[in-house]
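Student: Got a structure here, written out as C-alpha cells. Questions coming.
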Amino acid sequence: MSSHPPAGAPPATVPSPAARAPAAAPSAATAPPIRRRRLGAALRRLRLSAGLTLQGAAERLEISDSTLSRLENGQGRLRRIDVAAALDVYGVRDEELRTTLLNLTGQIRDKGWWQYYRRAIPEPYADYISVEAAATTIDAHTVQLVHGLLQTEPYIRAVAEAWRVRTEPLDVDALVAVRRTRQRMLGGPDPLRLRVVMHESALRQMVGGPEVMRGQIERVLEESRRPNVVIQIITHSAGAYSGLDEPFAIVGFGNPLEHDVVCLDNLTRTHFLETVDEVRNYASVFDQLRAAALSPERSALWLADLLTKMES
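If you read the sequence shown in the numbering used here, its first letter stands for residue 4, the second for the next number, and so on.
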C-alpha cells in the first residue's frame, strides 16, 4: 500500500501555505468516507436487531425516512446527540457498546491531522489515512515499492519526484511530511501491529540510487527489530505464488463494530473491499504469502546479506 499516526497527532512539519489552503468541496458524486459509511452500517444493524423498519425508526427519531436512510448509508453528518438518540430508540443498554459508538462518532467528526494537507494529497489517499489512523493491525503485501510505513525520507522524495509526471501540481514536501507523520503509528505506548510480506523486487529497485537504497534497506532491517513489526521477504526463487502481482493491505480495528477492510490502490483511486467474504479471501491469500516468504528470522539475514553486498 502506498501507504500511519493516531488521529489528532500534530503534523510532522508545518504545512506549506498551499497545503493549508481550504480544499475544494467534494462533488456530490464523491463516495462518502469509509468510516462514516461503516458507522451508518452499524446503526442499521442495530435498528434491524431492534425489529424496527426504516419508517418506524424515523418516526421515533422525529426525522424523515430519507434522512435516516442517508445517515445509514454514510451520506450525512452524524452527531453524537443523533447517535445517542438512535441508541436509546434501538434499546441499546450495553454501556461499552454505547461508548464505543459515541467515541467513533467523535473520531469521524474530529478534524484529523491529515486535513492540514488536503491541498497536497488526493481525497482517496486522505480517506485511506483516516482508516489507517484508526487501525490496530495492518497486514500488507508489497511488490515494487517498500511499504510506506517503512520508507526513509530520501526514498519518499525519490518516489514523489517520480510522480511529478502527473498533470496536477505535486507538493513533495507535504507528501514527505504526511508519510513521516503516518510512520509515528509504529511507536508509542500502543503501537500499530504491522506485518509486511515484501517481494525482493521492492528492495532491488534502485529508487533514488544505490545510496538511497542502502539507507532504505538499513531502515527496513531496523524496523524489523520492533516487537510490533514482522517483515518477511519473498525472493525471486519462490516462483509463482498467490497474489504475485497485487499489493494490498488488510486493515484491522480494535473495535467490534468495525470489521476488517481490504485496501487496494492505483494511480487514480483507493478502493475498499468490505464484505466478509472479500476480507476472508484476502486473509487467506496473505497466509499463503507468508508461507511462500522467508521466515522473519531468515528475512532479516537476507536483508543483512543484501546490505553487505551493496557495501562491498
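Glycine is no exception: its CB is placed at the ideal position from the N, C-alpha and C atoms.
Counting C-beta neighbours from all protein chains within 10 Å, is the total for Ala31 16 or more, i.e. buried, or is it exposed?
Tutor: For Ala31, the predicted structure reports a pLDDT of 31, less than 50, and the residue's modelled location is therefore unreliable. A value from the coordinates is still provided. Result: exposed.
Student: Quick one: complete alpha helix (DSSP H) runs, 4+ long, within the stretch 174-257?
Tutor: Qualifying alpha helix (DSSP H) stretches, in chain order: 175-185, 204-207, 213-226.
Student: How many angstroms separate the CA atom of Asp97 from the CA atom of Arg39?
Tutor: 22 Å
Student: Whose C-beta lies closer than 7 Å to the C-beta of Ala26 among residues of the same chain, with five residues either side of it excluded?
Tutor: Because the pLDDT of Ala26 is 34, which lies under 50, any placement of that residue in the model is unreliable, and the number read from its coordinates should be weighed accordingly. Same-chain partners within the cutoff: Arg121, Arg122.
Student: Give the straight-line distance between the Cα atoms of Trp305 and Met313, rounded to the nearest whole angstrom.
Tutor: Taking the straight line from one Cα to the other gives about 12 Å.
Student: What are the boundary residues of the beta strand (DSSP E) that includes Ile84?
Tutor: Segment 83-92 is the alpha helix (DSSP H) holding Ile84; no beta strand (DSSP E) there.
Student: Does the separation of the CB atoms of Leu42 and Leu81 fall below 8 Å?
Tutor: yes
Student: For Leu90 and Arg101, what's the separation of their Cα atoms in angstroms?
Tutor: Cα-Cα distance, rounded: 7 Å.
Student: Considering only the alpha carbon of each residue, which of Gly242, Gly151, Leu55, Ile37 lies closest to Ala137?
Tutor: Ile37
Student: Looking only at its own chain, which residues have a Cβ that is under 7 Å from the Cβ of Arg229, when we skip the five neighbours before and after it?
Tutor: Leu189
Student: Over what stretch of residues does the alpha helix (DSSP H) that includes Thr70 continue unbroken?
Tutor: Residues 68-75.
Student: Round the Cβ separation of Trp117 and Val181 to the nearest angstrom and send it over; I've been treating them as touching at under 8 Å.
Tutor: The C-beta distance from Trp117 to Val181 rounds to 6 Å, short enough to meet the 8 Å contact threshold.
Student: Can you check which of these residues, Val199, Gly109, Leu49, Arg283, is closest to Ile84 by C-alpha distance?
Tutor: Gly109
Student: On the CB-based measure, 16 or more other CB atoms within 10 Å of its CB, does Ala177 come out buried or exposed?
Tutor: buried
Student: Please classify Ala143: does DSSP put it in a helix, a strand, or coil?
Tutor: strand
Student: Consult DSSP for Ala296 and reduce its assignment to one of helix, strand or coil.
Tutor: coil
Student: I'd like the span of the alpha helix (DSSP H) that includes Asp97, first residue to last.
Tutor: No alpha helix (DSSP H) holds Asp97; DSSP gives it neither H nor E.
Student: Tell me whether Pro13 is buried or exposed, calling it buried when 16 or more other Cβ atoms sit within 10 Å of its Cβ.
Tutor: With a pLDDT of 39 at Pro13, under the threshold of 50, the modelled position of this residue cannot be trusted; read the value that follows with caution. Result: exposed.
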